[in-house]
Amino acid sequence: MNRNKEEWRKYMASLSFSEKIRILERLRERSRVIAAAGLRKQGATARQDSDKRAAD
Amino acid sequence: MKDTLSIINQMQADGVIDHYAIAGAVGATFYLEPAATFDIDILVVLPNLPDSSLLTLSPLYTYLSHRGCRVEREHIVIGNWPVQFLPAGDDLEKNALTEAVPTEVEGVRTWVLSAEYLVALALRTGRLKDRTRILEFLERGAVDRQRLRDILSCHGLLSAWEHFERRYL
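Going down the list, the sequences are from chains A and B. Each residue of the first sequence is one higher than the one before, counting from 1 in my numbering. Each residue of the second sequence is one higher than the one before, counting from 1001 in my numbering.
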């Protein structure tokens, strides 16, 4: 497993700068999607809390 | 990123900035495996304004704002990427720009700081993520250690390096 991981890291390091930048962009997009999902969840929780208060 | 770099190149052609090079995590990606990052750090030489000894980013921000780029705290968003412009303020940063490596991203010409200067700047900055990055450079064999020592010696960073070596290597 460790050897495979090391080989994968070497492979990734050997890619061209353009290929690495494309990977960076995909990583960044994924982070944005995850962050947006987190915000939606917080928003939903806040709405539920607000609804509860309104019901009280 | 291609669009971001094209706009920065145009800014250079229009005389708003002089030399520039990609630094930080994106610069390190040139030598290492890609690691997620939020922004692009651009080390830049600003042209001297007539009748002023101050270096200011104002002309750069004005230029970009007129082209639809928006400011977000210390960044300005250029073509989807938040960019932080870091004016080269001392000899280490100016020499780093002089020795920057020309390259291309999808056909767009650009420059990246050399591995040795990226390590020297990371050593000087000294945050946890900087120290981690230095170790990655060393593990990958991505730096010329003698060249690095020469740079560190030239800029008064040898004792910081020896402290780093004792602690981490």
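Glycine included, C-beta positions come from ideal geometry on N, C-alpha and C. None of these values were measured; they are calculated from a predicted model.
Within chain B, the residues M1001, N1080 and W1081 have their CB atoms less than 9 Å from the CB of E25 of chain A, given in chain order. If you draw a straight line from the Cα of S1114 of chain B to the Cα of A1100 of chain B, it comes to about 5 Å. A contact between stretches requires three or more CB pairs, one per stretch, nearer than 8 Å, and the segment 1110–1125 of chain B fails this requirement with the segment 1068–1084 of chain B. Using beta-carbon distances, V1044 of chain B does not count as an interface residue toward chain A, since no partner is under 8 Å.
For the pair R1167 of chain B and L1046 of chain B, the Cα-to-Cα distance works out to about 37 Å. In this structure, L1064 of chain B keeps its C-beta atom at 8 Å or more from the C-beta atom of I1017 of chain B. Beta-carbon to beta-carbon, A1142 of chain B and L1032 of chain B are separated by about 6 Å, close enough to satisfy the 8 Å threshold. Within the model, the alpha-carbon separation for I1134 of chain B versus K1002 of chain B is close to 27 Å. Interface flag for R1109 of chain B against chain A is unset, since no Cβ pair is found closer than 8 Å. Within the same chain, Cβ atoms closer than 6 Å to the Cβ of H1019 of chain B are found at V1045 and L1097, the five residues on either side in sequence being excluded.
About 5 Å separates the beta carbon of S18 of chain A from that of V1105 of chain B, a gap short enough to meet the 8 Å contact definition.
Residue range K1002 to A1013 is occupied by the alpha helix (DSSP H) that includes T1004 of chain B. Within chain A, the C-beta atoms nearer than 8 Å to that of F1030 of chain B come from F17 and K20, in chain order.
Residues of chain B with a Cβ closer than 7 Å to the Cβ of A13 of chain A are, in chain order, L1032, E1033 and R1140. Here P1082 of chain B is bridged, per DSSP, to B:V1077. Rounded to the nearest angstrom, the Cβ distance from I1040 of chain B to V1026 of chain B is 5 Å, consistent with a contact under 8 Å.
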